[in-house]
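Take 103 as the starting number for the sequence shown in this note's numbering and just add one per residue. All C-beta atoms in this analysis are idealised placements derived from N, C-alpha and C, irrespective of residue type, glycine included. Quick caveat, the model's predicted, so the values are computed rather than measured. Since the structure comes first, as structure tokens, the remarks are kept for the end.
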Amino acid sequence: MEFPILLTILLAPVFAALILVFVPKEEHMLIKSIAAAGTFVSMALSLVAYFTYNQEIGGLQFVFGHDIPWIKDLGVTFFLAADGISLPMLLLTNLIGFSAVFASWNITNRPREFFILLMLLIAGVMGTFIAHDLFIFLLFYEVVVIPIYILVIIWGSSKRVTKEYAGMKLTIYLLIGSAFLLVGVIALFVKTTALAGAPDMSFTGLAQVAQQLSRFDQIWLFALMLLGFGSLISMWPFHSWSPDGYAGAPTAVSMIHAGVLKKIGGYGLVKIAVYMLPVGAAFWAPYMAVLGVIGVAYAAMGALAQKDLKYVVGYSSVSHMGYVILAVACLNVIGLNGAVANMFAHGVMAALFFSMIGFIYEKTHTRWIPDMGGLARQTPRLAVGFMLAAMASLGLPGLVSFIPEFTIFVGSFQVYGGLAVIGIAGIIITALYVLRAGANTLFGPPRPEYVHLEDIKGPELVPLVVLGTVLVVGGFLPSLLFDMINSGVVPLHAAISDVLQIGGKF
Numbered sequence: 103m104e105f106p107i108l109l110t111i112l113l114a115p116v117f118a119a120l121i122l123v124f125v126p127k128e129e130h131m132l133i134k135s136i137a138a139a140g141t142f143v144s145m146a147l148s149l150v151a152y153f154t155y156n157q158e159i160g161g162l163q164f165v166f167g168h169d170i171p172w173i174k175d176l177g178v179t180f181f182l183a184a185d186g187i188s189l190p191m192l193l194l195t196n197l198i199g200f201s202a203v204f205a206s207w208n209i210t211n212r213p214r215e216f217f218i219l220l221m222l223l224i225a226g227v228m229g230t231f232i233a234h235d236l237f238i239f240l241l242f243y244e245v246v247v248i249p250i251y252i253l254v255i256i257w258g259s260s261k262r263v264t265k266e267y268a269g270m271k272l273t274i275y276l277l278i279g280s281a282f283l284l285v286g287v288i289a290l291f292v293k294t295t296a297l298a299g300a301p302d303m304s305f306t307g308l309a310q311v312a313q314q315l316s317r318f319d320q321i322w323l324f325a326l327m328l329l330g331f332g333s334l335i336s337m338w339p340f341h342s343w344s345p346d347g348y349a350g351a352p353t354a355v356s357m358i359h360a361g362v363l364k365k366i367g368g369y370g371l372v373k374i375a376v377y378m379l380p381v382g383a384a385f386w387a388p389y390m391a392v393l394g395v396i397g398v399a400y401a402a403m404g405a406l407a408q409k410d411l412k413y414v415v416g417y418s419s420v421s422h423m424g425y426v427i428l429a430v431a432c433l434n435v436i437g438l439n440g441a442v443a444n445m446f447a448h449g450v451m452a453a454l455f456f457s458m459i460g461f462i463y464e465k466t467h468t469r470w471i472p473d474m475g476g477l478a479r480q481t482p483r484l485a486v487g488f489m490l491a492a493m494a495s496l497g498l499p500g501l502v503s504f505i506p507e508f509t510i511f512v513g514s515f516q517v518y519g520g521l522a523v524i525g526i527a528g529i530i531i532t533a534l535y536v537l538r539a540g541a542n543t544l545f546g547p548p549r550p551e552y553v554h555l556e557d558i559k560g561p562e563l564v565p566l567v568v569l570g571t572v573l574v575v576g577g578f579l580p581s582l583l584f585d586m587i588n589s590g591v592v593p594l595h596a597a598i599s600d601v602l603q604i605g606g607k608f
């Protein structure tokens, strides 16, 4: 019997959370060490899965539970599997999850409860990327909502809005997205079951039947999926929850929220909505492209107007997700490759950004840019991490985000032309707010009140080392990412192309 690597990856943080329940609350170091061990196991096994995946064969590998009925009458099985699209997202989740533990190393307020909830949050996000059954996917998505709400309202901090407001707003928007998804999933299940004569909730089984639905059914079902996944990926105009959620969340939650929680929306659009309802995707694609470009420009201008560091990166994340939506709307191989690669690249960059901002806030007790300056003299390692993330955000060649963004521009220009040009112009605004934030925070004359600051050291260096290494290695060896993604995108594109060509839509 093959070793159940995906199940082990999923359960490692869950077991860590169970162990933490029995650890005395006063044992802060033991609590943090158990959380670090749980996330390390998941990260190490994710790396093993990533580099042992057979790209030549492609398809679903490391399959577990496809023959284990969960709800027999609904055709639900505990189906876990990974392909070239889900493996980068799984690895991203665990790289950020491991780093998030160390970004929270200085937490003293109820650390046991904090890390238990953090472990459950990480496991829930992982589950959405390796579930190959739509019911199980939704189950893991709902698991994410509760811990993230509690983490924000208890351990969050924000001056512009209360942490309670931020937590409630974030949760409401997540639930609104899940409501649209739930309606879409129920309707899709009813339609496909009636057509096939037997229930099947697996991605592959649903897609085979759903692709045969009428054009009208595919259009309105895809619209529900787009509303659900679009609100999660903060597609304009469903984006306003995102910056407030970032600002109110503790550092670890901001890292996971920006790094991987948003990516569930983009992943769902590609692996579920486009794959199962390609005719509906082709109908809505031009509208998606317009909304994506509006999101790029609107959120970039919003970031330019911010003076709180978290809000700058929050609006920046919304802008970057606009590129993902534009890329998905291309419905071509190069665009879909760029969308998945950009989700990975942005996740690493945003997580590193928020971890450095969290350390700045711990040391200065402010995120207000006008109150800072000259921090690079006192905290050079922190400044390196901040600027590394900043350069990745503006797409500097040699870092992991450059090739994905270039790929998106090429793919979108082939299909939409002028819209792609507007999207490319967003890079200019990105450079403005990123460089201004870095200059006003790290450089210039040092302020007397900050001369005593200590640089990041010890466990605080882990996010910089782990995420910074990925940013650099991914920039110089982009094939490590793109070869994997391409092995998943090509067969998916072939499947939807056959349907669209038959329907005369491609």
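Asked, Found
"Can you tell me which residues form a DSSP beta bridge with L182?", "F166, A233"
"From G229 to G167, what distance separates their C-alpha atoms?", "13 Å"
"If we ignore side chains and look at the alpha-carbon of each, how far apart do S336 and Y348 end up?", "12 Å"
"I need the straight-line Cα distance from H467 to A268, nearest angstrom please.", "19 Å"
"Quick check: what's the CA-CA separation for V116 versus L222?", "6 Å"
"I want to know whether the stretch 510-518 touches the stretch 538-550 - three or more CB-CB distances under 8 Å.", "no"
"Assign V420 to one of two classes, buried (16 or more other C-beta atoms within 10 Å of its C-beta) or exposed (fewer than that).", "buried"
"By how many angstroms is the C-alpha of V254 removed from the C-alpha of N680?", "For residue 680 there is no data in the structure shown, the boundaries of the chain being 103 and 608."
"What does DSSP give as the partner residue(s) for D410 in the beta ladder?", "W470"
"Whole-angstrom Cβ separation of T141 and F200, contact assumed at under 8 Å?", "4 Å"
"At the level of alpha carbons, what is the spacing between G605 and L379?", "With a pLDDT of 49 at G605, under the threshold of 50, the modelled position of this residue cannot be trusted; read the value that follows with caution. Those two C-alpha atoms are separated by around 12 Å."
"Can you list, in chain order, the residues of its chain whose CB lies under 7 Å from that of K607, leaving out five sequence neighbours each side?", "Model confidence at K607 stands at a pLDDT of 41, short of 50, so the residue's coordinates are unreliable and nothing is read from them."
"Suppose you measure from the CA of G370 to the CA of L334; what does that come to, to the nearest Å?", "10 Å"
"Where do the N-terminal and C-terminal ends of the alpha helix (DSSP H) with I366 fall, by residue?", "364-370"
"With a 10 Å radius around its C-beta and 16 neighbouring C-beta atoms as the bar for buried, classify S316 as buried or exposed.", "exposed"
"Residues in the same chain with beta-carbon distance under 7 Å from G286, minus the five sequence neighbours each way, listed in chain order, please.", "L323, L326, M327, G330"
"Tell me, please, which residues DSSP counts as bridged to I173.", "V178"
"Who are the Cβ neighbours of A491 in its own chain at under 7 Å, not counting the five residues just before and after it?", "M451, L454, F455, M458"
"Just to confirm before moving on: does the CB-CB distance between N588 and E507 stay below 8 Å?", "no"
"Is the stretch 128-142 in contact with the stretch 159-175, if contact means three or more CB pairs nearer than 8 Å?", "no"
"Whether or not the stretch 515-525 and the stretch 469-483 are in contact is what I'm after, with contact meaning three or more pairs of Cβ atoms, one per stretch, closer than 8 Å; do they touch?", "no"
"For K293, which residues in the same chain have their Cβ closer than 7 Å to its Cβ, ignoring the five residues on either side in sequence?", "L315, D319"
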